[in-house]
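Numbering (our numbering), first residue to last: 44 to 723.
Just so it is clear, CB atoms sit at the ideal spot from N, CA and C, and this is done for glycine as well.
Notes to accompany the following structure.
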DNA sequence: GAGCACTGC
């Protein structure tokens, strides 16, 4: 083994020795570090970093309509600020609402705050997320997901039941965050007594304060407060020269680090499953060269089975260092305990909507500074840590502050429907925090017009437009459901929709042999009609076999995702029947009828088989290919297919493909197909 | 014969 050369330089001048002194035994707890764990809850609250800002926050909120709160992780802002407001009496004028981007954090925070107040959740402190609600007449502090608040807007456009809204984690800039912020700005101007607190990371604070200032408003409509967090220091290392292959560099860095650094687990960020497995193979070669294994390498990516994912949470035996090779899943979604060293390859895979082809591109791009900081932070959770960035300091300085917000790079028909339902007539003039490209908005308007959700004037149609705006999935799937109610197969269509909402139900095992067995097992469900009917088959088999984990193991299916699809399906059946009066019937195996419904939703996304042997988009003539993940990839080519999504990678790939008959198009979408000529 | 990060109603 070559000797370790200091390839990394530190931006700060501290001697490297300083990092090694004071190293404690590795922490093995899976909980977030809490220095005050043996104090009572009240004393704990008093000791939180945010406590000394309490009066200032309350004062600012008295003086201004919008307050921007900048606080690091662990500052206690999500749990404390709602209580400060309550204790100061803000609840007497209406609810204190807190929005969260994810369901889990919504429920967890509500429970935590209720506990701190010595109450049960559902009394003063409540929450509402999809599928679960703990709200009573006494509820004054209400934690909700962003999606729930947007739904509440439909019934109460001025949010009159609230006196204060706190938008937590606003810096994430999800599609729903941006929609909510745009709408809240409108509401604030109409309801001067409503207050807004935006809780954000440092990087976006000035952006938000500019967005929430308008002519004629109090000049200091927004106020920034910065609250430090409770993270340990993380030392940063950079490459002197850019590297050619970050997968190899990651593995080499892991190995050097393992030889030279004191105990502590390693987390390496790569962009995709393929890279993770490649790096895993490479590091295993290094490990095999040792007599006794002192390094244990584990992969972590989204489509692994739950059981395989669990293994990254185990504490390695004494004398063994754990290294986790992960995708972005470890950046925010999953916290792996014991991590002291982070390796950041500097890249990330992002989806980007292309309005010309209505496809998503999946591209590997440099991470943003915000992501790089977030990744580095994963090293400082248990004790002071180190991050090795596989790029130069100059490259780091040149990184974009953040990834463009989701709303600027996504398909927008859902967002447009939502805004139309709230009475926003001219979508192009809506005050988005970051306006999306006009082309994207126009593509959404065209899609909605084709689906008969909007009329020539761009008004929501009755009943289709209003129904599509209310249903909680994409416009095309909602249209599919609407038609299935009329054709008598809503039960099957709801199953398919539920299966499409969850993450992949087909697991991708780690080893090559298991991957092969998985593929063979999946064939069990495959049918010539295509992917959506295949999904229906998986669901039916899962239910018939008693919905067991064993069944999923045997057929390489992901239990947690299938289980969630079942939950969703139950909810959708109830929703469709009770709220929207859609008759729920089963077509009892009439597959053609189901395929017709699918066509009724996806008729704008059709490809025909050109005589040259490749598929072409019916609307534009663009060449398309069947995605290798599709059931139809290995089957003889059908003349006409509809697809659920287009993905641009090495080619323009169709996914979620269904075989259809040409005459269904004119039968189900005559308004769209009368002028379109099909060239063979 | 290609490859898919993550959420939400």
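Item                                                                                                                                                                                    : Value
Going by C-alpha to C-alpha distance, which of 635, 440, 664 and 636 sits closest to residue 649?                                                                                       : 664
Given a cut-off of 8 Å on the beta-carbon distance, is the pair residue 549 and residue 221 in contact?                                                                                 : no
Can you tell me whether residue 257 is helix, strand or coil according to DSSP?                                                                                                         : coil
Report all residues from its chain with a CB closer than 8 Å to the CB of residue 122; omit the five preceding and five following residues, and keep chain order.                       : 152, 155, 156 and 159
Could you give the residue range of the beta strand (DSSP E) that holds residue 311?                                                                                                    : 308–312
Residue 713 by DSSP, collapsed to three states: which one?                                                                                                                              : helix
By the 10 Å Cβ neighbour count, where 16 or more other Cβ atoms means buried, how is residue 696 classified, buried or exposed?                                                         : buried
Secondary structure at residue 176, three-state DSSP: helix, strand or coil?                                                                                                            : strand
Could you tell me the distance, in whole angstroms, from the CA atom of residue 713 to the CA atom of residue 144?                                                                      : 41 Å
Going by C-alpha to C-alpha distance, which of 480, 464, 316 and 435 sits closest to residue 454?                                                                                       : 480
I'd like to confirm the pairing. Which residues does DSSP put opposite residue 364 in its beta bridges?                                                                                 : 338
Buried or exposed: which applies to residue 257, given that a residue is buried once 16 or more other Cβ atoms fall within 10 Å of its Cβ?                                              : exposed
Any chance the stretch 382–394 sits against the stretch 412–432, with 3 or more Cβ pairs inside 8 Å?                                                                                    : yes
For the pair the stretch 281–288 and the stretch 309–318, tell me if three or more CB-CB distances fall below 8 Å.                                                                      : no
Rounded C-beta distance between residue 382 and residue 422? I'm assuming under 8 Å.                                                                                                    : 6 Å
Short of 6 Å in beta carbon distance, which residues of its chain neighbour residue 694, apart from the five on each side in sequence? Order them along the chain.                      : 668
I need the straight-line Cα distance from residue 466 to residue 449, nearest angstrom please.                                                                                          : 23 Å
My understanding is that residue 487 touches residue 507, with C-beta atoms under 8 Å, so please give their C-beta distance in whole angstroms.                                         : Contact doesn't hold; Cβ gap of about 16 Å is too wide.
Give the list of continuous beta strand (DSSP E) stretches no shorter than 3 residues that lie fully inside the stretch 388–442.                                                        : 390–397, 402–409 and 428–435
Under three-state DSSP, which class holds residue 34?                                                                                                                                   : Look at the range of the chain in this structure, 44 to 723, and you will see that residue 34 is not part of it.
What are the complete alpha helix (DSSP H) segments, minimum 4 residues, inside the stretch 431–517?                                                                                    : 436–441, 456–464, 481–493 and 507–513
Okay, do the stretch 172–189 and the stretch 123–136 touch, 3+ Cβ pairs below 8 Å being the bar?                                                                                        : yes
Buried or exposed: residue 269, going by 16 or more other Cβ atoms within 10 Å of its Cβ?                                                                                               : exposed
For the stretch 240–254 against the stretch 202–221, do three or more pairs of beta-carbon atoms, one drawn from each stretch, fall closer than 8 Å, so that the two count as touching? : yes
From residue 358 to residue 365, what does the alpha carbon distance come to, in whole angstroms?                                                                                       : 8 Å
List the whole-angstrom C-beta distance separating residue 510 from residue 540, where the pair is believed to meet the contact cut-off of C-beta under 8 Å.                            : Contact flag wrong, Cβ pair sits at about 14 Å.
Please report the residue range of the beta strand (DSSP E) in which residue 659 lies.                                                                                                  : 658–660
Between residue 255 and residue 206, what straight-line distance do the alpha-carbon atoms span, to the nearest angstrom?                                                               : 18 Å
Can you check which of these residues, 178, 431, 536 and 102, is closest to residue 131 by C-alpha distance?                                                                            : 102
By a C-beta neighbour count over all protein chains shown, 10 Å radius and 16 as the cutoff for buried, is residue 350 buried or exposed?                                               : exposed
Helix, strand or coil for residue 243, going by three-state DSSP, please let me know.                                                                                                   : strand
Cα separation between residue 570 and residue 576?                                                                                                                                      : 7 Å
Quick check on DSSP: helix, strand or coil for residue 565?                                                                                                                             : helix
Roughly how many whole angstroms lie between the Cα atoms of residue 701 and residue 516?                                                                                               : 19 Å
List, from N- to C-terminal side, the beta strand (DSSP E) runs of 3 residues or more that fit wholly inside the stretch 275–330.                                                       : 277–282 and 308–312
Rounded to the nearest angstrom, how far is the Cβ of residue 630 from that of residue 637, given a contact under 8 Å?                                                                  : 6 Å
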